[in-house]
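Quick note, the sequences are listed as chains H and U, same order.
Start counting the first sequence at 505; every next residue gets the next number (the working numbering).
Start counting the second sequence at 505; every next residue gets the next number (the working numbering).
Backbone N, C-alpha and C define an ideal beta-carbon position, used for all residues, glycine too.
Single-structure report; data block below.
Number of protein chains: 2
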Amino acid sequence: MHRICTMKNQLNKKQEELIERYGVIQEQFGLSPAAARVNGLLTVADQLEFTFDEIRDVLSLSKSATSNAINTLLTLDYIGYRTKMGERKRYFYSKLDQWKDKMEKGLNRYQEYNKTMKEILAQRTPETTDYNNKLEELTQFMDYYMQEAQQIIKNWGNL
Amino acid sequence: MHRICTMKNQLNKKQEELIERYGVIQEQFGLSPAAARVNGLLTVADQLEFTFDEIRDVLSLSKSATSNAINTLLTLDYIGYRTKMGERKRYFYSKLDQWKDKMEKGLNRYQEYNKTMKEILAQRTPETTDYNNKLEELTQFMDYYMQEAQQIIKNWGNL
DNA sequence: TTTTTAGTTCTTGTGTTAGAGAACTAAAAA
DNA sequence: TTTTTAGTTCTCTAACACAAGAACTAAAAA
Numbered sequence: 505m506h507r508i509c510t511m512k513n514q515l516n517k518k519q520e521e522l523i524e525r526y527g528v529i530q531e532q533f534g535l536s537p538a539a540a541r542v543n544g545l546l547t548v549a550d551q552l553e554f555t556f557d558e559i560r561d562v563l564s565l566s567k568s569a570t571s572n573a574i575n576t577l578l579t580l581d582y583i584g585y586r587t588k589m590g591e592r593k594r595y596f597y598s599k600l601d602q603w604k605d606k607m608e609k610g611l612n613r614y615q616e617y618n619k620t621m622k623e624i625l626a627q628r629t630p631e632t633t634d635y636n637n638k639l640e641e642l643t644q645f646m647d648y649y650m651q652e653a654q655q656i657i658k659n660w661g662n663l
Numbered sequence: 505m506h507r508i509c510t511m512k513n514q515l516n517k518k519q520e521e522l523i524e525r526y527g528v529i530q531e532q533f534g535l536s537p538a539a540a541r542v543n544g545l546l547t548v549a550d551q552l553e554f555t556f557d558e559i560r561d562v563l564s565l566s567k568s569a570t571s572n573a574i575n576t577l578l579t580l581d582y583i584g585y586r587t588k589m590g591e592r593k594r595y596f597y598s599k600l601d602q603w604k605d606k607m608e609k610g611l612n613r614y615q616e617y618n619k620t621m622k623e624i625l626a627q628r629t630p631e632t633t634d635y636n637n638k639l640e641e642l643t644q645f646m647d648y649y650m651q652e653a654q655q656i657i658k659n660w661g662n663l
C-alpha cells in the first residue's frame with residue numbers, strides 16, 4: 505500500500521518562520537533544537553495533531569531525533585498524545601494549558617535560590633553590616649515577589 | 505619579594521559548601537562553572553573585595569578561566585570592581601543591588617515570547633476555535649502577569 | 001633599561017551534546 | 001508465518017564549551 509502525496513500538512517512561509525522563531529525562544533528556555541522545533545510545529549500548525557512520521561516528514565528529522573524530542577516534551581508535559589480506535593500510532597498535540605502550573609513551578613526555583621541566599625546571610629560575619637543589609641533586603645524582596653506573584657497567578661480567571 | 509602566607513582569604517567548610525551550592529544554581533541560570541564559582545565566592549566570603557590573583561588562588565583556577573569568568577560577570581553586571589590609589593590591580597566585588605533591574609529585564613524576555621505567541625495566533629486558521637481561544641487566553645494571561653509583576657517590583661521599597 | 005605586575009589572548013586537550021543512520025523490538029496485519 | 005508498522009535504542013561523528021598552560025602585552029617598578 506503506497507502513500508499518496510496529499511500536501512496535507514504543508515506549511516506556508518509565515519508558519520515556517522514562526523516555528524523557527526518560536527524554536528529559538530524555546531532553545532533559550534533549555535530545549536534541544538529538535539525538541540524546540542517539534543514544540544513549535546505543534547503550536548503553530550493549523551493541523552492540531554501530528555503522528556510521529558508526520559513530524560519527521562515536516563521537520564526533516566531522523567527517527568532518533570524525533571523520538572528523543574517527543575519524549576522530552578512528553579516528560580516536560582509540553583505536549584500530550586491521544587490514540588484512535590484500532591490504530592497503534594499516537595497523535596501528538598501541544599498542551600497549551602497548564603502554563604499557569606509551569607509559571608508556579610518556575611517560581612519554586614527562586615524559592616530554592618532564596619533558601620541558599622538566606623543561608624549565606626546567616627553564616628556571614630556581622631562586621632560587613634552594609635553588605636549584609638543589602639543581602640537581607642534582597643532575600644526579603646524575593647520572598648515578597650514570590651508571594652505576590654503566586655497571588656497574581658491565583659487571581660487569574662476570577663477577577 | 506616573596507609572598508608570606510597569611511591565610512587571610514581562607515574559607516571555612518560551610519562557606520565552601522555554600523559557594524558550591526550557589527555555583528550550581530548559577531550554572532542553571534546559564535553561567536559557566538568557573539563564572540558561577542567566582543560569583544559565589546564574591547557573594548559568600550566575608551572578605552568583600554578580591555583581586556584577580558586572590559580569586560585564582562582561592563578557587564584554584566587558571567589565569568584564562570579567571571579572566572574569562574570575571575569578564576563575563578562584568579558584562580552581565582553581576583560584579584563590579586574598584587581600584588586603589590597608586591595600585592594597578594582591580595578589586596572585584598559582588599553587585600547585590602540591581603536585582604530588581606535584572607528581574608525587570610527577565611520579564612522582558614517573556615514580552616518577546618508573548619509577541620511571538622500573538623503572531624502565531626494572528627495567522628492561525630479561524631477553524632480551530634477551541635485551540636485559538638486557549639492560545640488567546642494564554643497571551644492575555646501573560647500580558648496580565650507581566651503588568652502585575654512590574655507593579656510588584658515598582659512597589660517594593662515604598663510600601 | 002630590564003623586570004615585575006596584572007592581566008589578555010591563543011593553542012590545545014577533554015568532555016559533552018545533538019543528531020544521523022542502522023539495528024533492534026513488539027504488536028498488528030497480511 | 002512473514003511482513004509491516006510504530007517506534008526505541010545503540011553507535012558513531014561533528015560541533016561546541018570549558019578550562020589549562022603558554023605566549024603575549026602594556027604599564028609600572030626597580
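7 Å CB neighbourhood of residue i in its chain, flanking five on each side removed
i	result
lysine 599 of chain U	Asp581, Tyr582, Ile583, Gly584
leucine 476 of chain U	There is no way to answer for residue 476 of chain U, as the model of chain U reaches only from 505 to 663.
serine 566 of chain H	none
glutamate 640 of chain U	Leu625
lysine 517 of chain H	none
glycine 590 of chain H	none
Nearest neighbour of residue i, chosen from the options [CA to CA]
i	options	result
asparagine 686 of chain H	H:Thr555, H:Gln651, H:Leu535, H:Phe556	Outside the modelled stretch of chain H, which goes from 505 to 663, sits residue 686 of chain H, for which no answer is possible.
glutamine 602 of chain U	H:Lys638, H:Glu616, H:Arg560	H:Lys638
serine 536 of chain U	U:Asp557, U:Ser571, U:Lys518	U:Ser571
tyrosine 526 of chain H	U:Lys619, U:Pro630, U:Thr633	U:Lys619
glycine 544 of chain U	H:Lys593, H:Met646, H:Leu625	H:Leu625
leucine 563 of chain U	U:Leu552, U:Met589, U:Glu520, U:Glu591	U:Glu520
leucine 552 of chain U	H:Arg560, H:Glu640, H:Tyr617, H:Asp634	H:Asp634
glutamate 524 of chain H	U:Gly590, U:Gln644, U:Tyr617	U:Tyr617
Residues near residue i in its chain [Cβ-Cβ closer than 8 Å; skip 5 each side]
i	result
leucine 642 of chain H	Met621
threonine 587 of chain U	Lys593, Arg594, Tyr595
isoleucine 508 of chain H	Confidence at isoleucine 508 of chain H is low in this model, with a pLDDT of 35, below 50, so its placement is unreliable and the value that follows should be read with caution. Closer than 8 Å at the Cβ level, and outside the excluded window around isoleucine 508 of chain H, lies no residue.
glutamine 644 of chain U	none
methionine 646 of chain U	Tyr614, Tyr617, Asn618, Met621
glycine 610 of chain H	none
Rounded distance between the beta-carbons of residue j and residue i, thought under 8 Å
i	j	result
tyrosine 648 of chain H	tryptophan 660 of chain U	6 Å
glutamate 531 of chain H	alanine 540 of chain H	5 Å
Beta-carbon gap between residue i and residue j smaller than 8 Å
i	j	result
leucine 515 of chain H	alanine 549 of chain H	yes
glutamine 655 of chain H	glutamate 608 of chain H	no
isoleucine 529 of chain H	lysine 604 of chain H	no
leucine 522 of chain H	glutamate 631 of chain U	no
glycine 542 of chain U	leucine 577 of chain U	The amino acid at residue 542 of chain U is misidentified as glycine; the sequence shows valine. Result yes, Cβ atoms of valine 542 of chain U and leucine 577 of chain U sit closer than 8 Å.
Neighbourhood of residue i by C-beta, 6 Å cutoff - its chain only, sequence neighbours within 5 removed
i	result
arginine 628 of chain H	Asn636
lysine 472 of chain U	Residue 472 of chain U is absent from the model: chain U starts at 505 and stops at 663.
isoleucine 574 of chain U	none
glycine 534 of chain H	none
arginine 560 of chain U	Thr570
Check: residue i C-beta below 7 Å from any heavy atom of the ligand SAH
i	result
glutamate 616 of chain H	As presented, the structure is devoid of all ligands, the ligand SAH included, so that no description of it is given.
* **Within 9 Å of chain U by C-beta, residues of the segment 602-631 of chain H in sequence order** => Trp603, Lys604, Met607, Arg613, Glu616, Tyr617, Thr620, Met621, Glu623, Ile624, Gln627, Arg628, Thr629, Glu631
* Closer than 7 Å, Cβ to Cβ, to anything on chain U: give me those residues from the segment 634-647 of chain H, in chain order. => Tyr635, Lys638, Leu639, Leu642, Phe645
* Report the residues of the segment 539-562 of chain H with a CB closer than 7 Å to any CB of chain U, ordered along the chain. => Thr547, Val548, Asp550, Leu552
* **Contacting positions in the segment 518-536 of chain U - beta carbon closer than 8 Å to chain H** => Lys518, Gln519, Leu522, Arg525, Tyr526, Ile529, Gln532
* **Contact residues within the segment 647-659 of chain U, judged by C-beta distance below 8 Å to chain H** => Tyr648, Tyr649, Glu652, Ala653, Ile656, Ile657
* Using a beta-carbon distance cut-off of less than 9 Å, what residues from the segment 578-604 of chain H approach chain U? -> Tyr597, Ser598, Leu600, Asp601, Trp603, Lys604
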